[in-house]
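Colleague: I'd like to ask you about the structure that follows.
2 protein chains.
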Amino acid sequence: MKKRSTTNQHVRTRTDHATELAEDYVEAIAEFTEKSGTCRGVDLATQFGVTNVTVNRMVGRLVRDGYATTTPYGPVELTEKGRKLAAQCRRRHEIVFSFLLCLGVDSATAAIDAEGIEHHVSTDTLAAMKAFVKNSGGRGG
Amino acid sequence: MKKRSTTNQHVRTRTDHATELAEDYVEAIAEFTEKSGTCRGVDLATQFGVTNVTVNRMVGRLVRDGYATTTPYGPVELTEKGRKLAAQCRRRHEIVFSFLLCLGVDSATAAIDAEGIEHHVSTDTLAAMKAFVKNSGGRGG
DNA sequence: TGATGAAGTTAGCACAGGTTAACATTCTGT
DNA sequence: ACAGAATGTTAACCTGTGCTAACTTCATCA
Numbered sequence: 183m184k185k186r187s188t189t190n191q192h193v194r195t196r197t198d199h200a201t202e203l204a205e206d207y208v209e210a211i212a213e214f215t216e217k218s219g220t221c222r223g224v225d226l227a228t229q230f231g232v233t234n235v236t237v238n239r240m241v242g243r244l245v246r247d248g249y250a251t252t253t254p255y256g257p258v259e260l261t262e263k264g265r266k267l268a269a270q271c272r273r274r275h276e277i278v279f280s281f282l283l284c285l286g287v288d289s290a291t292a293a294i295d296a297e298g299i300e301h302h303v304s305t306d307t308l309a310a311m312k313a314f315v316k317n318s319g320g321r322g323g
Numbered sequence: 183m184k185k186r187s188t189t190n191q192h193v194r195t196r197t198d199h200a201t202e203l204a205e206d207y208v209e210a211i212a213e214f215t216e217k218s219g220t221c222r223g224v225d226l227a228t229q230f231g232v233t234n235v236t237v238n239r240m241v242g243r244l245v246r247d248g249y250a251t252t253t254p255y256g257p258v259e260l261t262e263k264g265r266k267l268a269a270q271c272r273r274r275h276e277i278v279f280s281f282l283l284c285l286g287v288d289s290a291t292a293a294i295d296a297e298g299i300e301h302h303v304s305t306d307t308l309a310a311m312k313a314f315v316k317n318s319g320g321r322g323g
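Residue numbers (the working numbering), protein chains in the order written: chain A, 183 to 323; chain B, 183 to 323.
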């Protein structure tokens with residue numbers, strides 16, 4: 183096995199971390215908006231177990247990066263870019279979760295691990311997982 | 183499927199991040215020590231693509247947390263605790279990497295994804311991956 | 001032995017993500 | 001309408017992880 187050039191990967195891992203939370207927030211905003219019509223800061227604070235201050239700043243980052251819009255004291259809404267990301271994250275999450283179930287991991291563990299793993303799965307690996315789920319007869323999907 | 187309490191998981195994800203880098207460093211220190219007899223700060227800086235300043239602080243954290251020892255201007259050495267963690271991380275990394283290969287992911291992608299995924303794999307999932315590799319005839323190990 | 005370059009350290013900065021405390025706004029119910 | 005609760009905002013702080021600049025120590029070799 184060829185020794186991989188680890189440097190770039192670690193840089194990648196680092197920058198990945200920067201987007202993980204954004205993905206989680208975008209996903210959560212999409213869910214709340216679907217479920218309740220709107221998404222409030224307090225919803226996100228509860229969801230992530232952080233204070234509303236943290237949510238406030240995170241939402242600010244999402245707005246800055248073009249994933250969401252908001253108004254003072256108003257709800258948070260996803261932009262087109264945000265909705266796309268949310269949909270993509272959800273698909274990916276579903277695949278990873280189903281895949282773990284197919285692999286024989288129990289549901290509770292699969293849920294936890296999927297949360298951590300999903301952000302680090304490349305398109306290729308995701309495709310391989312998807313194929314595996316399909317060949318397993320679609321269990322867990 | 184029971185709806186999981188997402189809050190705790192996000193807290194877990196957060197604290198996970200704090201230990202990921204420590205794991206990577208400990209692994210790297212173990213490798214350099216094996217390969218070269220000692221591990222110097224500059225080795226780690228090169229490995230991770232960061233400055234020696236960053237390495238210095240990270241090593242300080244490892245020392246603080248009982249994973250390593252060092253002396254001013256001297257090499258970094260792992261404690262028993264550090265060696266254990268390194269061994270565990272390496273085993274886990276090998277399993278995840280082999281697993282991805284078995285899944286049909288190409289070697290380069292598997293290497294990248296394994297780096298990201300390995301820190302988020304529970305004991306259960308790791309066991310499932312191991313079993314899968316075994317059943318696949320041990321390809322990629 | 002002492003100059004030079006490599007390696008390590010320290011100080012000070014930035015950004016992300018978390019906190020509490022204090023204040024502002026909005027909503028709700030009497 | 002207004003009091004009080006719920007929610008949102010701002011200021012100020014901590015830690016982790018990066019950085020540059022400036023300095024110290026070490027190791028090597030003429």
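Glycine included, each C-beta is placed from N, C-alpha and C at the ideal position.
#1: Given a cut-off of 8 Å, decide if Thr307/B and Thr291/A are closer than it, judged by their beta-carbon atoms.
#2: Return the CA-CA distance between Val208/B and Ala250/A, expressed in angstroms with no decimal places.
#3: Quick check: the Cα distance between Lys316/B and Ala212/A, rounded to an integer number of angstroms?
#4: Determine the DSSP secondary structure at Arg186/B, reduced to helix, strand or coil.
#5: Return the CA-CA distance between Cys271/B and Glu300/B, expressed in angstroms with no decimal places.
#6: Kindly indicate which residue of Gly319/A, Thr228/A, Asn238/A, Val258/A has the alpha-carbon position closest to the one of Glu216/A.
#7: State yes or no: is the beta carbon of Thr215/A nearer than 8 Å to at least one beta carbon in chain B?
#8: How many angstroms separate the CA atom of Gln229/B from the CA atom of Leu260/B?
#9: Do you know whose CA, among Ala296/B, Tyr255/B, Ala293/B, Ser304/B, lies nearest Glu297/A's CA?
#10: Under a CB-based cut-off of 8 Å, is Gly223/B close to chain A?
#11: If you measure between the beta carbons of Leu226/A and Ala204/A, is that distance less than 8 Å?
#12: Any C-beta of chain B sitting closer than 8 Å to the C-beta of Val241/A?
#13: Between Met311/B and the rest of its own chain, which residues show a CB-CB distance below 6 Å, the 5 nearest in sequence each way excluded?
#14: Residue range of the beta strand (DSSP E) that Thr252/A falls in?
#15: Could you tell me if Arg274/A is buried or exposed, where buried requires 16 or more neighbouring beta carbons within 10 angstroms of its beta carbon?
#16: From the DSSP output, in three-state form, read off Cys221/B for me.
#17: Going along the region 292 to 307 of chain B in order, which residues come within less than 8 Å of chain A, judged by CB to CB distance?
#18: Closer than 7 Å by beta-carbon distance: list the chain B residues that pair up with Leu282/A, in chain order.
#19: Need the endpoints of the beta strand (DSSP E) that Glu276/A sits in, please.
#20: Given a cut-off of 8 Å, decide if Gly223/B and Val232/B are closer than it, judged by their beta-carbon atoms.
#21: Confirm, please, whether the CB-CB distance from His199/A to Asp295/B is below 8 Å.
#22: Mark Asp206/B as exposed unless 16 or more other C-beta atoms lie within 10 angstroms of its C-beta, in which case mark it buried.
#23: If we ignore side chains and look at the alpha-carbon of each, how far apart do Arg265/A and Val193/A end up?
#24: Determine whether the beta carbon atoms of Phe314/B and Ala293/B lie at a separation below 8 Å.
#25: Going along chain B in order, which residues have a C-beta closer than 8 Å to the C-beta of Gly319/A?
#26: If we count the other Cβ atoms within 10 Å of its Cβ and call it buried at 16 or more, is Ala269/A buried or exposed?
#27: Alpha carbon to alpha carbon, how far is Cys284/A from Phe214/A?
#28: Could you check how far apart the C-beta atoms of Thr252/A and Val245/A are, in whole angstroms? I think they sit under 8 Å.
Modeller: Here's the rundown:
#1: Yes, Cβ-Cβ distance for Thr291/A and Thr307/B is below 8 Å.
#2: 39 Å
#3: 40 Å
#4: Confidence is the limiting factor: at Arg186/B the pLDDT is only 37, short of 50, which leaves the residue's position unreliable, though a coordinate-based value still follows. Residue state, collapsed to three classes: coil.
#5: Going from the Cα of Cys271/B to the Cα of Glu300/B covers about 8 Å.
#6: Val258/A
#7: no
#8: 17 Å
#9: Ser304/B
#10: no
#11: no
#12: no
#13: A distance below 6 Å between beta-carbons, with the five flanking residues on each side excluded, links Met311/B to the following residues of its chain, in chain order: Ile277, Phe281.
#14: Going by DSSP, Thr252/A is part of the beta strand (DSSP E) stretching over 250 to 252.
#15: buried
#16: strand
#17: Ala292, Ala293, Ile294, Asp295, Glu297, Gly298, Ile299, His301, His302, Val303, Ser304, Asp306, Thr307
#18: Contact annotation for Leu282/A against chain B: Thr307 [CB-CB distance below 7 Å, chain order].
#19: Here Glu276/A belongs to no beta strand (DSSP E); instead the alpha helix (DSSP H) covers 262 to 285.
#20: For Val232/B and Gly223/B, no; Cβs fall outside 8 Å.
#21: no
#22: buried
#23: 27 Å
#24: no
#25: Here the premise fails: no neighbours, minimum Cβ distance about 16 Å.
#26: exposed
#27: Looking at the two C-alpha atoms, the distance is approximately 29 Å.
#28: 6 Å
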